[in-house]
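Q: Residue numbers (the UniProt record's numbering), protein chains in the order written: chain A, 1 to 192; chain B, 1 to 192.
Virtual Cβ for every residue (Gly too), placed ideally from N, Cα, C.
From a predicted model like this one, the values you see are computed outputs, not experimental measurements.
2 protein chains.
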Amino acid sequence: MARPKKFDEAAGLQKAMNVFWKKGYAGTSISDLTTSMEINAPSLYATYGDKHKLFVSALQTYLQSQHEWMRQAVLEQKPVREIIRYLLATLIDATLEDPERRGCFMVNTITEMANQDTQVFRIAADNEHQIRSILADLIRKGQTSGEIASEKDAEILASFLFINFMGIRVIAATNSDKKHLHSALDAILSAI
Amino acid sequence: MARPKKFDEAAGLQKAMNVFWKKGYAGTSISDLTTSMEINAPSLYATYGDKHKLFVSALQTYLQSQHEWMRQAVLEQKPVREIIRYLLATLIDATLEDPERRGCFMVNTITEMANQDTQVFRIAADNEHQIRSILADLIRKGQTSGEIASEKDAEILASFLFINFMGIRVIAATNSDKKHLHSALDAILSAI
DNA sequence: GTAGTTTTGTAATGATCGATACAAAACTAC
DNA sequence: GTAGTTTTGTATCGATCATTACAAAACTAC
């Protein structure tokens, strides 16, 4: 019934995500996006809305894959401490292995815009809630299995872990000492 | 011998710092700066160089006061754990009390630019080195006084603390639950 | 084939970007 | 006073910003 799109919408969104992830919202121009996505501006606007809408879509795409990865890891039939160490270690390695050293797209977005953009603020708050709930469930699992002292407050430990998730992704953006970063994991796990 | 400046150079730098801190580097325009600093563009360029030079000066001003605050706190004649708790608690409170919720200027800058600006990258790496060294000294002090187990590696504990410093400043930008944030401090301190 | 629909490429919109040219203004030294 | 120096205000530079008008192009339905 009409002329078909000659580009893949999801692939374009992925491309946009990578640009925003590297350069931030204000640091990315429409020209940066159209170049990377290999479409022209009118197609971008017709398909994804304006710059802000595209950014939010890209951020949500990122968060979905991040959450899925974490939910998968939590399902593993391994000791809880091992799962937590795997999560933290993978974050370190992924950050160090990224040739562009972009850190975490959610953290980057929080520090750039959460204080000025209510929609981004809500997404960040919701993300925190979701991840903390995944972590708290994991810790409660460790408590019922006897791996973690049941006197401890699972919610607080989850917040503690969440703080360390965020901190690690900031540090790993400028510190490349893999051995050193990994050795900090022992200290983190000793608090659980 | 010449017409005198009618504005205070240090005060202007402080104003610029507050704008960059709130809006980031790319998000701040020269117009934002001249408005807040109450000078015109030619005066800005003559006094502080270009936008990037002014930004770096503002960042270094911020880091100096941050470091001074931390060095002061570390000198206190109090139990080491108490000092560490004070440092973390003050970071939480300061972030929550800031009506603009700007978080940490250094963290914001790392996540915005460290992967694209070698000068910023170096400043961030140097800052990490300095703060980790202050914290490691503090921990060694606690080890000689018997407050902290001397088997533990002071450098690693310092890195652990640094991670939590960074993490807390990211979280506190979107989470306003003061009681909750403070209760995570117990978990942090239990690892020391 | 033709009519109808949507995407595409080109080209341009006004606004704002970082940075400066230039001259009037305000000071010091003498 | 005058000469010399630097800052100020105004006005503007070309470049780029996000966004869109418009028409040719490419498809489907019939």
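If I'm right that A94 of chain A touches H182 of chain A with Cβ under 8 Å, what's the distance once you round it to whole angstroms?
A: Walking along the first sequence from the start, residue 94 of chain A turns up at place 94. Walking along the first sequence from the start, residue 182 of chain A turns up at place 182. No, A94 of chain A and H182 of chain A are not in contact; Cβ-Cβ is about 13 Å, not under 8 Å.
Q: Just mark I30 of chain A as buried or exposed, buried being the case when its beta carbon has 16 or more other beta carbons within 10 Å.
A: Residue mapping note: residue 30 of chain A aligns to position 30 of the first sequence, counting from 1. Classification for I30 of chain A: exposed.
Q: Note down the Cα distance separating H67 of chain A from R3 of chain A, rounded to an integer number of angstroms.
A: Mapped onto the first sequence, residue 67 of chain A falls at position 67. Mapped onto the first sequence, residue 3 of chain A falls at position 3. Those two C-alpha atoms are separated by around 36 Å.
Q: For F121 of chain A, return the contacting residues in chain B, with the cut-off set at a CB-CB distance below 8 Å.
A: As a first step, residue 121 of chain A must be located in the first sequence, where it is residue number 121. Those within 8 Å of F121 of chain A in chain B are T174.
Q: Counting only Cβ pairs nearer than 8 Å, list the residues of chain A close to K22 of chain B.
A: Here residue 22 of chain B refers to the residue found at position 22 of the second sequence. Here the neighbours are N115, Q116.
Q: Using a Cβ-Cβ distance under 8 Å, would T111 of chain B count as near chain A?
A: Working through the second sequence from its first residue, we reach residue 111 of chain B at position 111. Judged by the 8 Å Cβ criterion, T111 of chain B is in contact with chain A.
Q: Quick check for students: name the residue ranges of the alpha helix (DSSP H) that lie wholly in the UniProt domain "Tetracyclin repressor-like C-terminal" (84-188) of chain A, counting only runs of 4 or more.
A: Here the runs fully enclosed are 105-113, 118-144, 154-171.
Q: Can you tell which of B:L44, B:K22, B:Q60 has its C-alpha closest to the C-alpha of F121 of chain B?
A: Residue mapping note: residue 121 of chain B aligns to position 121 of the second sequence, counting from 1. Among B:L44, B:K22, B:Q60, the Cα nearest to that of F121 of chain B is on B:Q60.
Q: Comparing the CB of H182 of chain B with every heavy atom of the ligand NAD, is any distance shorter than 7 Å?
A: Among the components of this structure there are no ligands whatsoever, and the ligand NAD is therefore not found.
Q: Suppose the cutoff is 8 Å on Cβ atoms and the five residues either side in sequence are ignored; what does the same chain contact list for E155 of chain A look like?
A: If you number the first sequence from 1, residue 155 of chain A lands on position 155. Contacts found: R132, A136.
Q: Quick check on DSSP: helix, strand or coil for Q64 of chain A?
A: Along the first sequence, one-based indexing puts residue 64 of chain A at 64. Residue state, collapsed to three classes: helix.
Q: Can you check whether the CB of L189 of chain A is closer than 8 Å to the CB of I84 of chain A?
A: For the purposes of this step, residue 84 of chain A is taken as residue 84 along the first sequence, with counting starting at 1. For the purposes of this step, residue 189 of chain A is taken as residue 189 along the first sequence, with counting starting at 1. Going by C-beta atoms, I84 of chain A is nearer than 8 Å to L189 of chain A.
Q: To the nearest angstrom, how far is it from the Cα of G142 of chain B to the Cα of V74 of chain B?
A: Counting from 1 along the second sequence, the entry for residue 142 of chain B is found at position 142. Counting from 1 along the second sequence, the entry for residue 74 of chain B is found at position 74. Those two C-alpha atoms are separated by around 11 Å.
Q: Excluding five sequence neighbours on each side, which residues of the same chain lie with their C-beta closer than 6 Å to the C-beta of A124 of chain B?
A: The residue labelled residue 124 of chain B in the question sits at position 124 within the second sequence. Excluding residues within five positions, the ones whose Cβ falls inside 6 Å are I110, A114.
Q: Rounded to whole angstroms, what's the CA-CA distance from L185 of chain B to F160 of chain A? Just pull it up for me.
A: Locating residue 185 of chain B in the second sequence gives position 185, where the first residue counts as 1. Locating residue 160 of chain A in the first sequence gives position 160, where the first residue counts as 1. Roughly 8 Å separates the two Cα atoms.
Q: Within 8 Å of any Cβ in chain B, is that where the Cβ of A191 of chain A sits?
A: Along the first sequence, one-based indexing puts residue 191 of chain A at 191. Interface residue, yes.
Q: Cα-Cα, which of B:Y25, B:T174, B:V107, B:F162 is closest to L87 of chain B?
A: Counting from one through the second sequence, the residue named residue 87 of chain B turns up at place 87. Of the candidates B:Y25, B:T174, B:V107, B:F162, the one whose C-alpha sits nearest the C-alpha of L87 of chain B is B:F162.
Q: Can I171 of chain A and A158 of chain A be called in contact, C-beta distance under 8 Å?
A: Counted from its first residue, the first sequence places residue 171 of chain A at position 171. Counted from its first residue, the first sequence places residue 158 of chain A at position 158. Not in contact: I171 of chain A and A158 of chain A (Cβ atoms no closer than 8 Å).
Q: For P79 of chain B, which three-state DSSP category applies?
A: As a first step, residue 79 of chain B is located in the second sequence; it is residue number 79 there, counting from the start. It is coil, neither helix nor strand.
Q: Considering just the uninterrupted stretch of the alpha helix (DSSP H) at residue 196 of chain A, what are its terminal residues?
A: The question about residue 196 of chain A has no answer, for chain A in this structure spans 1 to 192.
Q: Does any CB atom of chain B fall closer than 8 Å to the CB of S150 of chain A?
A: In the first sequence, the residue the question calls residue 150 of chain A occupies position 150. No, because no Cβ of chain B sits closer than 8 Å to the Cβ of S150 of chain A.
Q: Can you tell me whether F7 of chain B is buried or exposed? The criterion is at least 16 other CB atoms within 10 Å of its CB, across all chains shown.
A: By one-based count along the second sequence, residue 7 of chain B stands at place 7. With fewer than 16 other Cβ atoms within 10 Å, it is exposed.
Q: If you follow the alpha helix (DSSP H) that T34 of chain B is part of, which residue opens it and which one closes it?
A: In the second sequence, residue 34 of chain B corresponds to position 34, counting from 1. That run of the alpha helix (DSSP H) goes 30-37.
Q: Less than 8 Å separating the beta-carbons of A187 of chain A and A191 of chain B?
A: Here residue 187 of chain A corresponds to residue number 187 of the first sequence, with the count starting at 1. Here residue 191 of chain B corresponds to residue number 191 of the second sequence, with the count starting at 1. Yes; because the gap between Cβ atoms is below 8 Å, this pair is in contact.
Q: For the alpha helix (DSSP H) that P42 of chain B lies in, which residues bound it at each end?
A: The residue you call residue 42 of chain B lines up with position 42 of the second sequence. P42 of chain B -> alpha helix (DSSP H) spans 41-48.
Q: Would you verify that the beta carbon of V170 of chain A is, or is not, closer than 8 Å to some beta carbon of chain B?
A: Stepping through the first sequence from its first residue, residue 170 of chain A is reached at position 170. By this cut-off, V170 of chain A is an interface position.
Q: Run down chain B in chain order and give the residues with a C-beta less than 9 Å from the C-beta of I156 of chain A.
A: Locating residue 156 of chain A in the first sequence gives position 156, where the first residue counts as 1. Near I156 of chain A (Cβ distances below 9 Å), the residues of chain B are H180, S183, A184, D186, A187.
Q: Give a yes or no on whether 8 Å exceeds the smallest Cβ distance from M70 of chain A to chain B.
A: The sequence position of residue 70 of chain A within the first sequence is 70, counting from 1. False, the Cβ-Cβ gap to chain B never drops below 8 Å.
Q: Since A125 of chain A meets chain B, which of its residues come closer than 8 Å, beta carbon to beta carbon?
A: The sequence position of residue 125 of chain A within the first sequence is 125, counting from 1. The contacting residues are T174, N175.
Q: Ordered along the chain, which non-local residues of its own chain (more than five positions away) have a Cβ less than 7 Å from that of R150 of chain B?
A: Here residue 150 of chain B refers to the residue found at position 150 of the second sequence. Here residue 150 of chain B turns out to be Ser, not Arg, going by the sequence shown. Correct list, in chain order: Q143.
Q: Quick one: what does DSSP say A26 of chain A is sitting in, helix, strand or coil?
A: Sequence index remark: in the first sequence, residue 26 of chain A carries index 26 (1-based). Reduced to three states, the DSSP call for A26 of chain A is coil.
Q: State buried or exposed for E128 of chain B, treating a residue as buried only when at least 16 other CB atoms are found within 10 Å of its CB.
A: Within the second sequence, numbered from 1, the residue matching residue 128 of chain B stands at position 128. Its Cβ being crowded by 16 or more others within 10 Å, E128 of chain B is buried.
Q: Put A2 of chain B into one of helix, strand or coil per three-state DSSP.
A: The residue given as residue 2 of chain B occupies position 2 in the second sequence. Correct three-state label for A2 of chain B: coil.
Q: Under 8 Å by Cβ, that's how I've got K178 of chain B and L96 of chain B pegged, so tell me the actual separation to the nearest angstrom.
A: By one-based count along the second sequence, residue 178 of chain B stands at place 178. By one-based count along the second sequence, residue 96 of chain B stands at place 96. Confirmed, about 6 Å.
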